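Each residue of the sequence shown is one higher than the last, beginning at 1 in the UniProt record's numbering. Glycine included, each C-beta is placed from N, C-alpha and C at the ideal position. These numbers come from a predicted model, not from an experiment. Working notes, beginning with the structure itself.
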Amino acid sequence: MTTQETPAYLNIDRDNHPAVVAGRRSREFVAARDKQAWVENFAVEGSVEDPVGPSMFDPEGTGFHGHEQIAEFWDKSIATTESIEFVFDDEIICGNEVAYVGKIVTHIAGHVSEAHGVFTYRADADGKMSALRAFWEVEKTINSVRPA
1 MTTQETPAYL
11 NIDRDNHPAV
21 VAGRRSREFV
31 AARDKQAWVE
41 NFAVEGSVED
51 PVGPSMFDPE
61 GTGFHGHEQI
71 AEFWDKSIAT
81 TESIEFVFDD
91 EIICGNEVAY
101 VGKIVTHIAG
111 HVSEAHGVFT
121 YRADADGKMS
131 ALRAFWEVEK
141 TINSVRPA
């Protein structure tokens, strides 16, 4: 009688899953305000869509592709903040991706905003971030702005 191995999708290592690890590093580098480490956490051909679709950061809605454009995204969005908190209520791991449901709380110029949504991280075979996608509505987030 042969013993069959449990498939990976039934035995997820939630702490060490490549997308979870890449996403965790991403959030740690944002908290540390370490632009270079954050950009280098991405694969050479990685991409950022935050938020997905047209926004004040990306009027065409095509995303930021490759290290140079990802660094540009940092300058347009993350660098303009005082701090960013990631408050995730649920984690869903599928294949080489993880999705979080929750909110991102941004502190900027003495104000706070909350972007409620779904935030996904995809890792490549080397454990680098191949895609960061954030599904949140710009108008709802703008309407959430309040004094800190």
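Query                                                                                             : Result
Mind checking which residues open and close the alpha helix (DSSP H) that includes K140?          : 138 to 143
Are the CB atoms of G66 and V87 within a distance shorter than 8 angstroms?                       : no
Whose C-alpha, out of E68, A32, C94, is nearest the C-alpha of P7?                                : C94
When DSSP labels each residue in this structure, what does T120 get in the three-state scheme?    : strand
At which residues does the beta strand (DSSP E) containing G127 begin and terminate?              : It is not in any beta strand (DSSP E) - G127 carries neither H nor E in the DSSP assignment.
Measuring alpha carbon to alpha carbon, tell me which of D75, F73, I108, G63 ends up nearest I84. : I108
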